[in-house]
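Numbering (my numbering), first residue to last: -15 to 208.
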Amino acid sequence: MTTLNQQKTYRILVADDQPGNLDTIIKYLEDSSTLYSILNATNGRIACKVAEKKLPDLIIMDWEMPVMSGIEAIRYLKAQETTKDIPIIMATGVMLSPAHLKVALDAGAIDYIRKPIERTELLSRINSILKLADSYKKIKQQNEDIQSTNKKLVALNQEKNQLIHVVAHDLKVPLSHISSLISIIDPTAENLTEQQSKFLDIIGLSADRLIKLIRDGKLITSLS
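1. At which residue ranges does the segment 71 to 99 contain complete beta strand (DSSP E) runs of 3 or more residues, listed in the order of the chain?
2. Check whether the segment 44 to 57 touches the segment 28 to 36, counting contact only when three or more Cβ pairs, one atom from each stretch, lie closer than 8 Å.
3. List the residues that DSSP assigns as beta-bridge partners of I(-4).
4. Between the segment 60 to 69 and the segment 10 to 18, are three or more C-beta pairs nearer than 8 Å?
5. Looking only at C-alpha atoms, which of E143, D90, I43 and K122 sits nearest to V(-2)?
6. Does DSSP put V150 in a helix, in a strand, or in coil?
7. If we call anything under 8 Å between Cβ atoms a contact, is V52 one with D1?
8. Buried or exposed for T76, going by 16 or more other Cβ atoms inside 10 Å?
9. Note down the Cα distance separating L147 from K121, rounded to an integer number of angstroms.
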């Protein structure tokens, strides 16, 4: 897993309609020791378009924006398959009540930060969220790998079962011939030794047993 202290560059989208707020957040990110590639948007609709095209690692979303609010943008992004897992921090200087916090979290925001934004608090939260996002991506990839392996194992098991059925079917005919031929040989014939007679009995019994196992499905079960 890549840590924030390694060379990975994280792409962050900042959406805010106020140039002053936008510049402040971008400056905090640019002055950070972590490498960030910064995208920006001045309303929720633009933010959604940028997010769908660039797939940022994190979005900082202002609540009150023209055209489409931050809440509307979050709901839209969380409804899309390609953007639903992008963590979003809601930022606002007006919607500060517990009820507002609940609305933001219910919409899909992972965190909520109050304006004016304090540099240390912002960077600390971003750092924590990106670490969690990296861990989530790793776990998700591992689960996908496990599911892929399971599908392959299921397919192999189906192929094995089909092969067993084919083999069992193909064995049935020659075994029946062997059993039939053995049954018409007189074990007491003068040209047979006692040992040869015993071998014929063993062959006949073995063939009959295999035929019965195939007929009852027990041979397939034992091979499975």
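We treat Cβ as the ideally placed atom computed from N, Cα and C, and that holds for glycine.
Only a predicted model underlies this, so the values are computations on that prediction, with no experimental measurement involved.
Reading it off the structure:
1. 72 to 76 and 95 to 98
2. yes
3. Translated into the one-based positions of the sequence shown, residue -4 becomes position 12. In the DSSP output, where bridge partners are listed per residue, I(-4) has I22 and L42.
4. no
5. The residue labelled residue -2 in the question sits at position 14 within the sequence shown. Ranking E143, D90, I43 and K122 by Cα distance to V(-2) puts I43 first.
6. Here residue 150 refers to the residue found at position 166 of the sequence shown. Reduced to three states, the DSSP call for V150 is helix.
7. Here the question's residue 52 lines up with position 68 in the sequence shown. Here the question's residue 1 lines up with position 17 in the sequence shown. Going by the sequence as given, residue 52 is Met instead of Val. In this structure, D1 does not lie closer than 8 Å to M52 by Cβ.
8. Start at 1 with the first residue of the sequence shown, and residue 76 comes out as number 92. With 16 or more other Cβ atoms within 10 Å, it is buried.
9. Start at 1 with the first residue of the sequence shown, and residue 147 comes out as number 163. Start at 1 with the first residue of the sequence shown, and residue 121 comes out as number 137. Cα to Cα, L147 sits roughly 39 Å from K121.
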